[in-house]
Amino acid sequence: MIKHLSVRGAFAAMLGLPTFAMAALPVIEVYKSASCGCCSAWIKHLETNGFTVRAKNVEMPAQYRKLAGIPDALGSCHTGLVNGYAIEGHVPASEIKQLLREKPKAKGLAVPAMPMGSPGMEGPRKDAYDVLLVKGNGSTEVYKHYK
16 MIKHLSVRGA
26 FAAMLGLPTF
36 AMAALPVIEV
46 YKSASCGCCS
56 AWIKHLETNG
66 FTVRAKNVEM
76 PAQYRKLAGI
86 PDALGSCHTG
96 LVNGYAIEGH
106 VPASEIKQLL
116 REKPKAKGLA
126 VPAMPMGSPG
136 MEGPRKDAYD
146 VLLVKGNGST
156 EVYKHYK
């Protein structure tokens, strides 16, 4: 009987582990246009990778980029906010997780424009693009390069 309960407990714990791991990721608030399909596809990418997303359809998404201190030159179609960081554009979930682990002194991450092949912009063509770390003064450095 005890062995049976131990096996059941271990099995239940294994099933609960992925849920616990996903719950540990913070909520990302995303400000986007209601009509933007690629924004919705990026949100699905985040959710598939364990994030909870609170999407807010707004009239002028660029206002949220400005409020977060992200320069217009780095702009895209949506802005996310998570744990004090801004996430501008089609940033892969893996880089957001890395940012949250490393906790650099920065405003956040950006993928300017809408490069083909980035999360939410999948298709037959894949363009090279950079995920940029946006520093406090607005300057950037390449955080990750995708080919």
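In terms of the working numbering, the sequence shown opens at residue 16 and continues consecutively.
By construction, the Cβ of each residue, glycine as well, lies at the ideal position given by its N, Cα and C atoms.
Rounded straight-line distance, which links the Cα of residue j to that of residue i
i      : j      : result
ARG69  : GLY104 : 16 Å
GLU156 : LYS162 : 17 Å
ALA108 : CYS54  : 14 Å
Contact check, residue i vs residue j, beta carbons under 8 Å
i      : j      : result
PRO86  : SER48  : no
GLY84  : LYS118 : no
TYR100 : LYS71  : no
Local Cβ density within 10 Å of residue i, reported as buried at 16 or more and exposed below that
i      : result
GLY52  : exposed
GLU74  : exposed
ARG23  : Its pLDDT being 41, under 50, ARG23 is placed unreliably by the model, and nothing is read from it.
ALA39  : exposed
ARG116 : exposed
THR94  : buried
Near the ligand HEM: residue i beta-carbon under 7 Å from a heavy atom
i      : result
TYR100 : This structure lacks the ligand HEM; in fact it carries no ligand of any kind.
In DSSP terms, what residue i is bridged to
i     : result
HIS60 : Paired residues: none, contrary to the question.
Cut-off 6 Å between Cβ atoms - residues of its own chain near residue i, not counting five sequence neighbours on either side
i     : result
VAL97 : PRO41 and ILE43
8 Å Cβ shell around residue i - same chain, five flanking residues per side excluded
i      : result
LEU147 : LEU89, LEU124, ALA125, VAL126, PRO127, THR155, GLU156, VAL157 and TYR158
GLY132 : GLY138, ARG140, LYS141, ASP142, TYR144 and TYR161
Beta-carbon proximity list for residue i, same chain, < 7 Å, skipping 5 on both sides
i      : result
LYS120 : GLY151
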